[in-house]
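Student: Going by my numbering, the residue at position 11 of the sequence shown is 66; the numbering climbs one at a time, nothing skipped. Beta carbons are placed, not taken as given, at the ideal position from N, Cα and C, and that holds for glycine. Please read these numbers as outputs of a predicted model, since none were measured by experiment. Input: one structure, supplied below.
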Amino acid sequence: MGFKTISIKKSYSSDSDNILEDFYIPSLKQSIEYQRLAGFFSSKSISVAARGILGLIKNGGDMKLVISPKLSKDDIDVILSSQIQTNKILEDNFLKELDKIENDFERDHVAALGWMIANNRLHIKVAIPLNTIGIPYAYIDIDQNGLFHQKVGILKDNNGDIISFSGSINETASGWLNNIEEFKVFRNWDESENDYVIADTTKFTRFWNNMAERVEIIELPIAVKNKLIEIAPDNIDQIDLNKHYAKKKYTSPQLYQHQKEAISRWVDNNHRGIFEMATGTGKTYAALGCVKKVEELHESLITCISCPYQHLVQQWKKEVDKFGINYDKLLVADSSSHGWKNKLANNLMDISLGYKHKIIIITTHDTFASESFIKIIKQFKSNSKLFIIADEVHGLGAHIRRTGLIEEYDFRLGLSATPKRWFDPIGTKILYDYFGDTIYEFGLEKAINTINPDTGKTYLVPYRYNINFAYLEDDELEEYITKTAKIVKLWGKEEGKNEQNDYLEQLLFARANIIKNARSKFEELGGILDSLPTPIKWTLIYCSPQQIDSVMEILRVRGYFAHRFTMEEGTTASQKYKGLSEREYLLEEFSKGKYQILVAMRCLDEGVDVPPARTAILMASSGNPREYIQRIGRVLRRASDKSEATINDIVVIPNLGGFSEEIRAVEKKIFEKELIRYEEISKYAMNNVEALRIISILRNSKGF
């Protein structure tokens with residue numbers, strides 16, 4: 056028996072450790088003495104301070120507890136007027152707190168403490184913080200100034216060994232399993248830590264013996280002690296404290312064969328490479344499988360996961376927890392996380408000092424490439440191995456983000472269904488030079504046609520592709536032709552050279568916007584909505600910024616429960632959204648069917664997991680393969696009661712009959728890129744023969 060027989064880490068954090076199961080219960084099982092500075096007196100705080108206390112009780116151990124009162128400004132005024140003695144004020148306050156017991160967790164733990172008092176195993180004293188002239192502080196002043204907020208615990212076993220812990224120790228029972236709690240642990244038999252144990256022990260002793268500066272220590276009022284004894288059972292075995300301790304279980308999901316193959320290839324490729332895998336085929340778990348492989352080889356590992364958007368940061372965080380990765384700290388480092396720079400630096404310092412060994416950092420591409428992030432990584436890398444996982448890796452090829460691709464990362468993995476950057480050969484080359492080539496590919500065709508041996512179904516559901524034609528109204532067509540005529544003049548003979556011309560690019564962009572925002576698309580949208588099975592559910596509409604207000608109005612008039620999903624929707628957790636961010640809340644409510652339709656621009660393109668979605672309406676798309684492949688992927692993920700998906704594409708073909716051959720020739724070259732998109736989507740569709748026939752007719756009728 057004793058502390059040396061159990062595993063004690065140097066630090067604990069509630070977001071990566073089950074603090075109760077990993078620290079309190081095993082440590083108190085070995086203890087015969089427990090001393091605790093525990094913050095403010097309430098039924099919540101003292102019940103939380105009693106976590107894991109059963110082991111101490113069964114050992115015949117004793118406990119000393121120092122608690123502070125929550126005095127209001129009115130209480131202070133009464134004390135100063137000498138109308139009522141301080142002891143009476145404390146007595147009334149404490150008794151009121153004990154009357155506020157809200158649940159079985161509080162009731163059982165307070166009862167256990169009451170039993171210890173009744174059996175002379177627990178002694179409680181009250182610490183009253185004083186100002187410079189000896190007047191007690193009101194609770195609000197203590198809370199704002201951080202006085203008496205440092206929590207300290209000291210444990211002693213029957214061998215005379217001592218451990219102490221101190222730090223940010225949460226004592227709010229309403230969130231005792233969920234709120235963030237962090238503290239460091241020191242052992243007196245470790246020479247490098249003994250001074251900290253002595254400091255914590257001295258601190259507690261000074262409080263207990265009423266020797267601390269500007270703090271008055273008094274005995275717990277008799278009436279409060281009697282109330283605690285009254286709550287206590289006659290026999291401690293009448294209380295089942297274990298029922299409150301639900302152990303956090305980590306079970307890694309079973310990886311599919313193709314994921315195992317991807318991991319194996321990455322390991323064989325010197326821990327570098329790109330997974331080019333279609334949406335919904337398990338890129339995330341394949342990447343986390345790579346993390347597990349590296350963990351087995353290296354004691355100290357910093358894993359950085361970078362993704363495009365903040366809501367994907369939260370999605371990755373959930374997947375890491377589901378997968379059961381072993382880490383000492385999981386840290387979100389982006390603009391939604393207050394103080395992330397200090398937290399990142401402090402945690403990397405802990406790795407350097409040996410307090411922590413495994414850290415996972417989840418961030419956005421923008422933060423990953425920021426000067427602050429890069430500086431901290433370079434400064435604190437130390438001797439640890441550094442692993443970068445780039446989700447939607449194509450995003451890091453942008454000029455402003457390439458700065459994040461520093462040489463400090465030992466292991467590198469890129470994830471994307473479409474890693475090649477559109478019209479950016481330089482950015483693409485930089486990505487492949489840094490991460491390595493595509494070492495595993497599991498594309499859309501394979502995912503739709505390959506049977507998963509574990510489920511007996513294909514990895515992605517099959518889909519139907521419906522092409523719906525819209526048109527340009529007279530004024531739109533006139534503007535379109537005007538822009539096209541200007542493009543013809545600039546196009547010239549050296550197409551590749553002239554395409555780089557800024558003005559030509561502006562004209563091409565403006566002309567594409569005319570097609571993208573054609574007014575007749577709204578009429579076509581109405582027809583598509585009428586054709587969908589009722590009641591409409593799990594439908595995504597992709598549109599442009601210019602279209603979204605009109606689309607929302609159409610849906611409102613028709614009586615659909617719809618919501619927009621854009622960059623404007625928040626990514627910070629809020630009570631308004633049940634502790635979720637607005638985006639997470641919208642996705643959850645959409646999955647439940649509360650929202651029938653989500654109307655998106657770009658935020659639903661990359662990485663967002665919405666398996667129930669089964670219908671997509673594409674009102675505005677570019678020729679960028681990444682965009683349409685990502686959007687198709689949103690509705691192809693497997694879900695219960697989902698056997699297939701439907702993609703409705705609204706296509707505009709300008710009528711250029713009667714115009715010059717020169718204009719028609721340029722139109723053919725430009726529109727050929729659009730036809731490639733239609734053909735690519737049609738190729739893998741269930742109704743591919745019909746869809747490709749429509750495209751063939753279109754080609755012939757337009758002379759393409």
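Have a look at I19 and I536 and give me their C-alpha separation to the nearest angstrom.
Tutor: This structure cannot settle anything about residue 19, because the visible part of the chain is limited to 56 through 759.
Student: Look up P588 in the DSSP assignment and give the residues it is bridged to.
Tutor: Along the sequence shown, read from residue 1 onward, the residue named residue 588 stands at position 533. None; P588 has no bridge partner.
Student: Can you confirm whether R611, when its beta carbon is compared against all beta carbons of chain B, has any partner nearer than 8 Å?
Tutor: Absent here is chain B; the protein component of the structure consists of one chain.
Student: E88 bridges to which residues according to DSSP?
Tutor: Within the sequence shown, residue 88 is the residue found at index 33, counting from 1. Paired residue(s): D117, K211.
Student: Should L83 and G110 be called a contact, given that it needs their Cβ atoms to be closer than 8 Å?
Tutor: On the sequence shown, residue 83 is found 28 positions in, with the first residue counted as 1. On the sequence shown, residue 110 is found 55 positions in, with the first residue counted as 1. Contact flag set, yes.
Student: With V448 as the anchor, note down where its alpha helix (DSSP H) starts and where it stops.
Tutor: Within the sequence shown, residue 448 is the residue found at index 393, counting from 1. Segment: none, V448 is in no alpha helix (DSSP H) and carries neither H nor E.
Student: Go through its chain and collect everything with a Cβ distance to L356's Cβ below 7 Å, but skip five positions before and after it.
Tutor: On the sequence shown, residue 356 is found 301 positions in, with the first residue counted as 1. Excluding sequence neighbours, L356 sits near V349, E350, K413, S439, K440, F442.
Student: May I have the straight-line CA-CA distance separating R657 from G409, to the nearest angstrom?
Tutor: To locate residue 657, count along the sequence shown from 1; it is residue 602. To locate residue 409, count along the sequence shown from 1; it is residue 354. C-alpha separation (whole angstroms): 42 Å.
Student: Between which two residues does the alpha helix (DSSP H) harbouring T422 extend?
Tutor: Position 367 of the sequence shown, counted from the start, is the residue given in the question as residue 422. Taken as a continuous stretch (DSSP letters only), the alpha helix (DSSP H) holding T422 covers 420 to 423.
Student: What does a CB cutoff of less than 8 Å around F312 pick up in its chain, not counting 5 residues either side in sequence?
Tutor: Position 257 of the sequence shown holds residue 312. Sequence check: residue 312 is Gln here, not Phe. Taken in chain order, the residues that qualify are P508.
Student: Taking the alpha-carbon positions, what's the E152 to F96 distance?
Tutor: Working through the sequence shown from its first residue, we reach residue 152 at position 97. Working through the sequence shown from its first residue, we reach residue 96 at position 41. Straight-line Cα distance between these residues: approximately 8 Å.
Student: Roughly how many angstroms lie between the CA atoms of N742 and R613, to the nearest whole one?
Tutor: Here residue 742 is taken as the residue at index 687 of the sequence shown, counted from 1. Here residue 613 is taken as the residue at index 558 of the sequence shown, counted from 1. Their backbone Cα atoms lie some 29 Å apart in a straight line.
Student: Is the beta carbon of I416 sitting closer than 8 Å to the one on L386?
Tutor: Here residue 416 corresponds to residue number 361 of the sequence shown, with the count starting at 1. Here residue 386 corresponds to residue number 331 of the sequence shown, with the count starting at 1. Cβ distance < 8 Å, so I416 and L386 count as in contact.
Student: Beta-carbon within less than 6 Å of H366's beta-carbon, same chain only, minus the 5 sequence neighbours each way: which residues are those?
Tutor: Here residue 366 corresponds to residue number 311 of the sequence shown, with the count starting at 1. Hits under 6 Å: T626, R638.
Student: Just list the residues that DSSP pairs F220 with in beta bridges.
Tutor: Here residue 220 corresponds to residue number 165 of the sequence shown, with the count starting at 1. Its beta-bridge partners are G208, V240.
Student: From F524 to V322, what does the alpha carbon distance come to, in whole angstroms?
Tutor: In the sequence shown, the residue the question calls residue 524 occupies position 469. In the sequence shown, the residue the question calls residue 322 occupies position 267. Rounded to the nearest angstrom, the two C-alpha atoms are 48 Å apart.
Student: Please specify which runs of the beta strand (DSSP E), each continuous and at least 3 residues long, are wholly inside the stretch 298 to 355, giving them in chain order.
Tutor: The qualifying runs are 327 to 332.
Student: For the stretch 123 to 130 against the stretch 240 to 248, do three or more pairs of beta-carbon atoms, one drawn from each stretch, fall closer than 8 Å, so that the two count as touching?
Tutor: The stretch 123 to 130 vs the stretch 240 to 248: no contact.
Student: Rounded to the nearest angstrom, how far is the Cβ of V165 from that of S98, given a contact under 8 Å?
Tutor: Counted from its first residue, the sequence shown places residue 165 at position 110. Counted from its first residue, the sequence shown places residue 98 at position 43. That belief holds up - the Cβ atoms of V165 and S98 are roughly 6 Å apart, short of 8 Å.
Student: Can you tell me which residues form a DSSP beta bridge with G469?
Tutor: Along the sequence shown, one-based indexing puts residue 469 at 414. Its beta-bridge partners are I329, A445.
Student: How many angstroms separate the CA atom of A104 from the CA atom of R91?
Tutor: By one-based count along the sequence shown, residue 104 stands at place 49. By one-based count along the sequence shown, residue 91 stands at place 36. The straight-line gap from Cα to Cα measures roughly 8 Å.
Student: Let me know if E226 comes out buried or exposed under the rule of 16 or more other beta-carbons within 10 Å of its beta-carbon.
Tutor: For this step, residue 226 is matched to residue 171 along the sequence shown. Caution is warranted here: a pLDDT of 49 is assigned to E226, below 50, making its placement in the model unreliable, and the coordinate value is therefore given only provisionally. That one is buried.
Student: So, for Q296: in the same chain, excluding its five sequence neighbours on each side, which residues have a beta-carbon less than 8 Å away from its beta-carbon?
Tutor: Mapped onto the sequence shown, residue 296 falls at position 241. One point to set straight first is that residue 296 is Leu, not Gln, in the sequence displayed. Answer for L296: I108, L109, D163, H164, A167, listed in chain order.
Student: Near A472, what residues of its chain come up, given a Cβ to Cβ distance below 6 Å and the 5 sequence neighbours on each side ignored?
Tutor: Residue numbering aside, residue 472 sits at position 417 when the sequence shown is read from its first letter. Hits under 6 Å: A333, T334, I684.
Student: For L188, does the three-state DSSP call read helix, strand or coil?
Tutor: On the sequence shown, residue 188 is found 133 positions in, with the first residue counted as 1. Here residue 188 turns out to be Ile, not Leu, going by the sequence shown. Correct three-state label for I188: coil.
Student: Can you tell me whether R269 is buried or exposed, with buried defined as 16 or more other CB within 10 angstroms of its CB?
Tutor: The count along the sequence shown starts at 1 and reaches residue 269 at position 214. So R269 ends up on the exposed side.
Student: Taking the alpha-carbon positions, what's the L202 to L185 distance?
Tutor: To locate residue 202, count along the sequence shown from 1; it is residue 147. To locate residue 185, count along the sequence shown from 1; it is residue 130. With a pLDDT of 47 at L202, under the threshold of 50, the modelled position of that residue is not reliable, and no figure is offered here.
Student: I'd like to check one pair, T701 with Y514: are the Cβ atoms closer than 8 Å?
Tutor: On the sequence shown, residue 514 is found 459 positions in, with the first residue counted as 1. On the sequence shown, residue 701 is found 646 positions in, with the first residue counted as 1. No, Cβ-Cβ distance for Y514 and T701 is not below 8 Å.
Student: For L310, which residues of its own chain have a beta-carbon under 7 Å away from its beta-carbon, when the five flanking residues on both sides are left out?
Tutor: The residue labelled residue 310 in the question sits at position 255 within the sequence shown. Cβ neighbours of L310 beyond the five flanking positions: Y340, G344.
Student: Can you tell me whether DSSP reads A700 as helix, strand or coil?
Tutor: Position 645 of the sequence shown holds residue 700. Residue state, collapsed to three classes: strand.
Student: May I ask which residues mark the beginning and end of the beta strand (DSSP E) holding S68?
Tutor: As a first step, residue 68 must be located in the sequence shown, where it is residue number 13. Note, S68: beta strand (DSSP E), 66 to 68.
Student: Are there 16 or more other CB atoms within 10 angstroms of the CB of K548, so buried, or fewer, so exposed?
Tutor: By 1-based counting over the sequence shown, the position of residue 548 is 493. Residue placement at K548 is poorly supported in this model, since its pLDDT is 46, which falls under 50; the coordinates still yield a value, given next. With fewer than 16 other Cβ atoms within 10 Å, it is exposed.
Student: By alpha-carbon positions, which one of E463, I481, K512, L587 ends up nearest to R519?
Tutor: For this step, residue 519 is matched to residue 464 along the sequence shown. The shortest Cα separation from R519 among E463, I481, K512, L587 belongs to L587.
Student: Per DSSP, what are the beta-bridge partners of C359 in this structure?
Tutor: Counted from its first residue, the sequence shown places residue 359 at position 304. Beta-bridge pairing links C359 to I416, I443.
Student: What are the residues that DSSP puts in a beta bridge with E271?
Tutor: Along the sequence shown, read from residue 1 onward, the residue named residue 271 stands at position 216. In the DSSP output, where bridge partners are listed per residue, E271 has I183.
Student: Considering only their Cβ atoms, is the gap separating F160 from S102 smaller than 8 Å?
Tutor: For the purposes of this step, residue 102 is taken as the residue at position 47 of the sequence shown. For the purposes of this step, residue 160 is taken as the residue at position 105 of the sequence shown. The answer is yes: Cβ separation under 8 Å.
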